[in-house]
Amino acid sequence: MKKALAYWNQLSVWMLQHPAVYFLLISIPVFGLIGLWDILWLGPRGLHFMRQTDSLSFVMGYYQFDVPFAEPRIYNLVGQDGKAAGEFPWLYYLLAQVFKVSGPKLYLLRWLDFLIVLGGIYAFFRIALHRLKSLMAAYITAWLPFSSTVFFYYATGMVPDVPALGLCLMGLSFSYFWLQNGKKTYPWWALLCFTLAGLTKITVLVSVLALPGVLLLFASSNIVFAAIKKQKAMLWSLAWAIVAFGLSAAWAAYANAYNKVNCDTCFLMEITPYWSLTKEQIDLVWIHITEYWWPDYYQLDLWFVWGIVFTGALLLLMRKRNPWTLLFLPVLLGYAVMFVLFFRQFQNHDYYVITFYSAFALTLLSFQEQLRDLPQKGYKVIQLVLLVFLVMSFKRSDKGLDHRYAVQDDFAALFQHYENYYQVIDSLHIDSKAKFIVLGDNTPNGGFMAIRRQGFGIRDTTGLNIPQAVNMHQMRQFDYAIAFKGLDYTDSLKQLWGLQPILQNDSVLLYSFH
8 MKKALAYWNQ LSVWMLQHPA VYFLLISIPV FGLIGLWDIL WLGPRGLHFM RQTDSLSFVM
68 GYYQFDVPFA EPRIYNLVGQ DGKAAGEFPW LYYLLAQVFK VSGPKLYLLR WLDFLIVLGG
128 IYAFFRIALH RLKSLMAAYI TAWLPFSSTV FFYYATGMVP DVPALGLCLM GLSFSYFWLQ
188 NGKKTYPWWA LLCFTLAGLT KITVLVSVLA LPGVLLLFAS SNIVFAAIKK QKAMLWSLAW
248 AIVAFGLSAA WAAYANAYNK VNCDTCFLME ITPYWSLTKE QIDLVWIHIT EYWWPDYYQL
308 DLWFVWGIVF TGALLLLMRK RNPWTLLFLP VLLGYAVMFV LFFRQFQNHD YYVITFYSAF
368 ALTLLSFQEQ LRDLPQKGYK VIQLVLLVFL VMSFKRSDKG LDHRYAVQDD FAALFQHYEN
428 YYQVIDSLHI DSKAKFIVLG DNTPNGGFMA IRRQGFGIRD TTGLNIPQAV NMHQMRQFDY
488 AIAFKGLDYT DSLKQLWGLQ PILQNDSVLL YSFH
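Note that this note's numbering numbers the sequence shown so that position 239 is 246, with each residue one more than the last.
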């Protein structure tokens, strides 16, 4: 027994010296139980298929058309030659270069996003370990805020919010350890991470903007600034905020101008604040949040835990205050402001809540640090309770992911019939620059991802869609049209263009304008 205890103590010491091993030894099996290792190999699937294919379309634009970095393109020809801009496309450009070696493996975007956010959570785990001096408490603190269905779905879901969150957490880690040990390269790494995070999703910069104010409150503390002069700390924190926010705002201005010049309407970078909506619109947003998204943000019992954590962190703040126990407060207030400014987007975009998870993480860290003053037995009991909730949350995320991938998204339905149809088109030696009309497509880029060509989509034969398509055909000189057999476009195609299919299989009809 004594030998076993001695070995355990040695192992604990070794794990403290190698926290990455501890982090991965627990996390890798958990990811397997949740099903992430299977999901990571999938192409675009499930809820928010539209946003996934938009992201992939930017990647394919760089890969297939070899355009300059500052002139991104997508498959959809709503804008001139498909020119369109959204978030800063550094990840898409990087992946396009990888595609030039590996070929277009669409699932690699899932891997890239996942590895970045995993690195961010590990970086936050290191902060928690340094503050709490306990591997288990640090692991709970690092993962409980992110143990939700929404997070795990989008951690591999090809949306920019996830890598932005990961980069922001990395930046916080570099800034934290710079204040601890004064390592000269750390503030530069923090600047890079914060800037890329903001460029990828500007809303994650709430934490960065909060840092200078929090550090200013403790500028006279010898404990906080033991290794670094306070003036230098303030200058760097201001530099992080100004550079990251300034470059992010500059890109947003450029993207808006780029879209306007090229007449693109796919990516509108505007806020829709609470006060600009009617009562009916506000009620509809709340219905979506509370009835559709709320359980996927966190389960009800975990919301109860968060209520205790937030209340406890606020009450205990009077006892022990330092930048890292206080930081959650301005970050939380900042995200409350963001929620009001982007209120309309929360109706159909559940992934907007992902950046909020950093506020939950900082709150739990503050709460956990305050609890260290409790008697050891009471502290361990609380950690055990939190661990139980973490395990339960992981388990529920597994079921939540199964449900999300089982649900057939209306926007993804057509893609299932077209997927990999580009191989058929290639076999017919159709030029890669040929322009297509995709009939029945509800997404800007989904159908075009399947055929790997540019073009224009028509949702149905009603209203202005067909007349618009006629104008598009005359103006842009389309070469081919493609339709799903289950949607009846035969009469419309005969009447408008006199077309007969040149190829048909069990589900797809291919037409030529030549």
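The beta-carbon is built from N, C-alpha and C at its ideal position, and this holds for glycine as well.
Note that the structure is predicted; figures quoted are calculated from it, not measured.
Checklist line | Identity of the residues DSSP links to Val515 by a beta bridge | finding: Paired residue(s): Phe491.
Next item on the list: Within the same chain, show all residues whose beta-carbon is closer than 7 Å to that of Glu426, passing over the 5 residues directly before and after it, in chain order.
Entry: Cβ neighbours of Glu426 beyond the five flanking positions: Ala457.
Checklist line | Cβ-Cβ distance between Arg460 and Phe443 below 8 Å | finding: Taking 8 Å as the Cβ cut-off, Arg460 and Phe443 qualify as a contacting pair.
Check: Are at least three pairs of beta-carbons, each pair with one atom in the segment 44–51 and one in the segment 430–441, less than 8 Å apart?
Finding: Result no; under three Cβ-Cβ pairs closer than 8 Å.
Check: Using 8 Å as the limit for Cβ to Cβ distance, is Phe30 near chain C?
Finding: Absence of chain C from the displayed structure is noted, only one protein chain being present.
Item checked: For Leu349, the three-state DSSP class (helix, strand or coil) -> First, the amino acid is wrong: residue 349 is Phe here, not Leu. Residue state for Phe349 is assigned as coil, using DSSP reduced to three classes.
Check: Grouping DSSP H, G and I as helix and E and B as strand, with all else coil, what is Phe443?
Finding: In this structure, Phe443 counts as strand in the three-state DSSP scheme.
Item checked: Rounded C-alpha distance that separates Asn269 from Arg80 -> Distance between Asn269 and Arg80, taken at the CA atoms: about 11 Å.
Item checked: Straight-line Cα distance separating Gln511 from Gln430 -> Gln430 and Gln511: Cα-Cα distance of roughly 14 Å.
Margin query: In whole angstroms, give me the CA-to-CA distance for Arg326 and Gln377.
Written below: Cα to Cα, Arg326 sits roughly 8 Å from Gln377.
Next item on the list: Using the Cα positions of Ile41 and Leu242, report the straight-line distance between them to the nearest angstrom.
Entry: Cα to Cα, Ile41 sits roughly 43 Å from Leu242.
Item checked: Backbone CA spacing between Leu63 and Gly127 [nearest angstrom] -> When rounded, the distance between both Cα atoms is 23 Å.
Next item on the list: Helix, strand or coil for Asn452, going by three-state DSSP, please let me know.
Entry: Note: Asn452 maps to coil in three-state DSSP.
Checklist line | the segment 149–169 touching the segment 193–201, judged by at least three CB pairs closer than 8 Å | finding: The segment 193–201 and the segment 149–169 do not touch, with fewer than three beta-carbon pairs separated by less than 8 Å.
Note to self: Using a Cβ-Cβ cutoff of less than 7 Å, which residues in the same chain neighbour Asn452 once the five nearest sequence positions on both sides are dropped?
What the structure shows: Taking C-beta separations shorter than 7 Å and ignoring five residues to either side along the sequence, the partners of Asn452 in its chain run Thr60, Asp61, Ser64, Ile81, Tyr82, Asn83, following chain order.
Check: Per DSSP, Leu393 is paired with what?
Finding: In the DSSP secondary-structure assignment, Leu393 is not bridged to any residue.
Next item on the list: Could you pull out every residue in the same chain whose Cβ sits closer than 7 Å to the Cβ of Pro508, ignoring the five residues on either side in sequence?
Entry: Closer than 7 Å at Cβ, skipping near neighbours: Leu516, Leu517, Tyr518.
Check: Per DSSP, Lys90 forms a beta bridge with which residues?
Finding: Under DSSP, Lys90 shares a beta bridge with Arg80.
Margin query: With three or more C-beta pairs closer than 8 Å as the rule, is the segment 206–216 touching the segment 137–157?
Written below: They do not touch, by the three-pair rule.
Margin query: Is the beta carbon of Leu397 closer than 8 Å to that of Leu151?
Written below: Yes, they are a contact pair.
Checklist line | Own chain partners of Val20 with C-beta closer than 6 Å, once the 5 adjacent residues on each side are dropped | finding: Result list for Val20: empty, nothing under 6 Å.
Check: Hey, how far is the Cα of Ile235 from the Cα of Leu218?
Finding: Caution applies to Ile235, whose pLDDT of 47 falls short of 50 and renders its modelled position unreliable; the value that the coordinates give is listed next. Separation of Ile235 and Leu218 (C-alpha to C-alpha, rounded to the nearest whole angstrom) is 16 Å.
Checklist line | Proximity of Ile289 and Phe349 at Cβ, strictly below 8 Å | finding: For Ile289 and Phe349, no; Cβs fall outside 8 Å.
Check: In angstroms, rounded to a whole number, what distance separates the CA positions of Ala162 and Leu324?
Finding: Cα atoms of Ala162 and Leu324: separation of roughly 32 Å, rounded to the nearest angstrom.
Next item on the list: Please list, in chain order, all residues of the same chain as Leu245 whose beta carbon is under 6 Å from its beta carbon, the five residues on each side excluded.
Entry: Only residues of its own chain outside the window of five on either side were considered, and among them Pro219 have a CB closer than 6 Å to the CB of Leu245, listed in chain order.
Item checked: Sufficient close CB pairs (3 or more, under 8 Å) joining the segment 354–374 to the segment 398–415 -> No, the segment 354–374 does not touch the segment 398–415.
Check: Is there contact between the segment 104–111 and the segment 292–306, where contact requires at least three CB pairs shorter than 8 Å?
Finding: Output reads no: the segment 292–306 does not touch the segment 104–111.
Check: Cα separation between Lys583 and Val124?
Finding: In the structure as shown, the chain starts at 8 and stops at 521, and residue 583 therefore has no counterpart that could be examined.
Note to self: In whole angstroms, give me the CA-to-CA distance for Gly462 and Ala413.
What the structure shows: Those two C-alpha atoms are separated by around 30 Å.
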